[in-house]
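Residue numbers (the numbering used here): 2 to 370.
Don't be surprised by glycine CBs; every beta carbon is placed ideally from N, CA and C.
Given the structure is predicted, the values throughout are model-derived calculations rather than measurements.
Worksheet: one structure, shown below.
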Amino acid sequence: MSQPTSRTRDAEIVRAGAVGITVNALLALAKVLIGLAVHSMTMVLDAVNNLSDALSSILTVIGTKLAAKKPDKKHPLGYGRIEYLTGLIVAALVLYAGVTAFVESVKGILKPEAPAYSTASLIFIGGSVAVKLLLGRYIARIGERVNSTSLQASGADAKLDALLSAAVLASALLFLFSGINIEAWVSVALSVFIIRAGVELLRDGMDEVLGKRMDVELTRQIRRTICDDPDAQGAYDLILHSYGPERLVGSVHVEVADTMTATQIDRMERRISETVLKKHNVLLTGIGIYSNDRNSDDMRDRIYEVVRKHEGLLQLHGFFVDEERKRAGFDAVLDYALENREETFNAICDDVKKAFPEYEFQIAMDIDI
2 MSQPTSRTRD AEIVRAGAVG ITVNALLALA KVLIGLAVHS MTMVLDAVNN
52 LSDALSSILT VIGTKLAAKK PDKKHPLGYG RIEYLTGLIV AALVLYAGVT
102 AFVESVKGIL KPEAPAYSTA SLIFIGGSVA VKLLLGRYIA RIGERVNSTS
152 LQASGADAKL DALLSAAVLA SALLFLFSGI NIEAWVSVAL SVFIIRAGVE
202 LLRDGMDEVL GKRMDVELTR QIRRTICDDP DAQGAYDLIL HSYGPERLVG
252 SVHVEVADTM TATQIDRMER RISETVLKKH NVLLTGIGIY SNDRNSDDMR
302 DRIYEVVRKH EGLLQLHGFF VDEERKRAGF DAVLDYALEN REETFNAICD
352 DVKKAFPEYE FQIAMDIDI
């Protein structure tokens with residue numbers, strides 16, 4: 002399936018947000034009126050939750066509009082990260098709704114009030130469950146398709162609202178048929194689920210703002226594309242930075258034969274940059290070069306043999322040898338799972354220096370990006 006263009010993506014987000022605003026505002030109004038009429042605290046809380054959903058949809062639309070602003074001198078890479086901030090605000094609203102529901106539910110346990118449900122109110126609650134499920138699926142599906150954190154958060158929240166409404170319906174039916182009132186207890190349980198969902202959404206949003214590991218499959222595809230170039234012998238140190246959904250810039254080191262001229266390298270870099278942008282919508286702002294000297298293959302293999310015993314060593318690359326000055330070096334990529342990466346790195350350096358005492362080594366501990 003083809004990726005939507007920036008303009009199409011923004012239009013889809015705004016359309017989904019408008020639907021969310023309309024549906025949630027209407028549900029909130031109806032639930033408040035019915036909840037007050039039948040003395041149902043849980044329904045009133047459900048209405049407040051719908052109102053927060055409408056507000057989150059408004060924020061999503063505003064964030065999308067702001068994120069679509071053209072780059073300028075102050076923000077040369079655009080305003081795409083605003084979407085991450087609105088996603089955090091939506092997550093905070095979900096968390097707030099959960100905490101508020103919890104507090105009010107505890108009050109309902111301490112001072113219970115018997116509800117007075119009618120047939121019409123029960124039919125309405127059942128209908129609202131179906132509406133919120135459909136709305137949640139619709140918004141979440143669009144959020145996944147256009148890679149919108151805010152829409153995905155809104156979609157997840159809508160599904161939780163459907164669960165809350167279903168619990169309201171179940172407790173109402175139990176009260177009507179048995180006289181047992183568990184509304185407040187149900188509200189407490191569901192508010193805990195909402196709080197948990199808010200915390201998870203907040204955590205995911207913080208990951209986007211702080212900068213998280215990019216999708217493994219995407220990085221593999223980009224490296225594969227680079228290595229498909231006839232002059233590229235390897236791709237390493239691929240670093241991607243997100244400036245909003247579908248706005249990735251990056252850099253990479255490419256290994257080439259040491260016999261290539263500057264003109265040949267320049268042509269290769271231009272080919273790679275153009276191909277990666279076209280296939281993956283990623284702008285490579287820098288391509289570094291590692292020179293592969295075939296005359297040093299034997300030494301490289303011997304170093305691999307010396308250091309391969311160390312657990313947590315993921316890769317060696319950027320290998321170089323200066324026979325005239327007796328200098329050599331490489332980058333060692335170590336797993337973050339190691340308890341003491343420094344200790345492993347120092348052990349690798351010691352083993353290499355013992356095996357090749359005649360050389361001065363420059364070994365760098367690289368990060369597992």
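- Residue 158 is not a Cβ neighbour of residue 47, given a cutoff of 8 Å.
- Put simply, the backbone Cα of residue 370 is about 12 Å away from that of residue 333.
- If only complete runs of 3 or more residues are kept, the region 252-332 shows the beta strand (DSSP E) at 283-293 and 314-323, in order along the chain.
- Contact between residue 15 and residue 65 holds: their C-beta atoms lie close to 6 Å from each other, under 8 Å.
- By the C-beta density criterion, residue 248 is buried, having at least 16 other C-beta atoms within 10 angstroms.
- Between the alpha carbons of residue 36 and residue 214 lies a gap of roughly 46 Å.
- In the DSSP assignment, residue 364 falls within the unbroken beta strand (DSSP E) covering 361-367.
- If you draw a straight line from the Cα of residue 79 to the Cα of residue 69, it comes to about 8 Å.
- With contact defined as three or more Cβ pairs closer than 8 Å, the region 299-307 and the region 261-277 are not in contact.
- Taking a cut-off of 8 Å for Cβ pairs, the region 169-188 and the region 223-236 do not touch, as fewer than three such pairs fall below it.
- Between the alpha carbons of residue 143 and residue 61 lies a distance of about 13 Å.
- In terms of Cα proximity to residue 284, the closest of 339, 242 and 342 is 242.
- Sequence-distant partners of residue 356 (beyond 5 residues in either direction) whose C-beta falls short of 8 Å from its own C-beta, in its chain, are 303, 304 and 307.
- Here DSSP, grouped into helix, strand and coil, assigns residue 85 to helix.
- The region 37-109 is shown to contain whole alpha helix (DSSP H) runs of 4 or more residues at 42-68, in chain order.
- Under the 8 Å Cβ criterion, the region 216-227 does not count as touching the region 161-176, having fewer than three qualifying pairs.
- Distance check between residue 239 and each of 277, 118 and 263 places 277 closest, using alpha-carbon atoms only.
- Contact between the region 91-103 and the region 118-130 is absent: fewer than three C-beta pairs spanning the two stretches fall below 8 Å.
- For residue 52 and residue 160, the gap between their C-alpha atoms comes out near 15 Å.
- A residue is called buried once 16 or more other Cβ atoms fall within 10 Å of its Cβ, and residue 179, having fewer, is exposed.
- Runs of the alpha helix (DSSP H) lying entirely within the region 210-245, each at least 4 residues long, are 217-228 in chain order.
- In this structure, residue 281 sits away from residue 345, with a CB-CB distance that is not shorter than 8 Å.
- In the same chain as residue 286, and ignoring 5 residues on each side of it, the C-beta atoms closer than 8 Å to its own belong to 250, 251 and 252, in chain order.
- Secondary structure at residue 249: strand, using DSSP grouped into helix, strand and coil.
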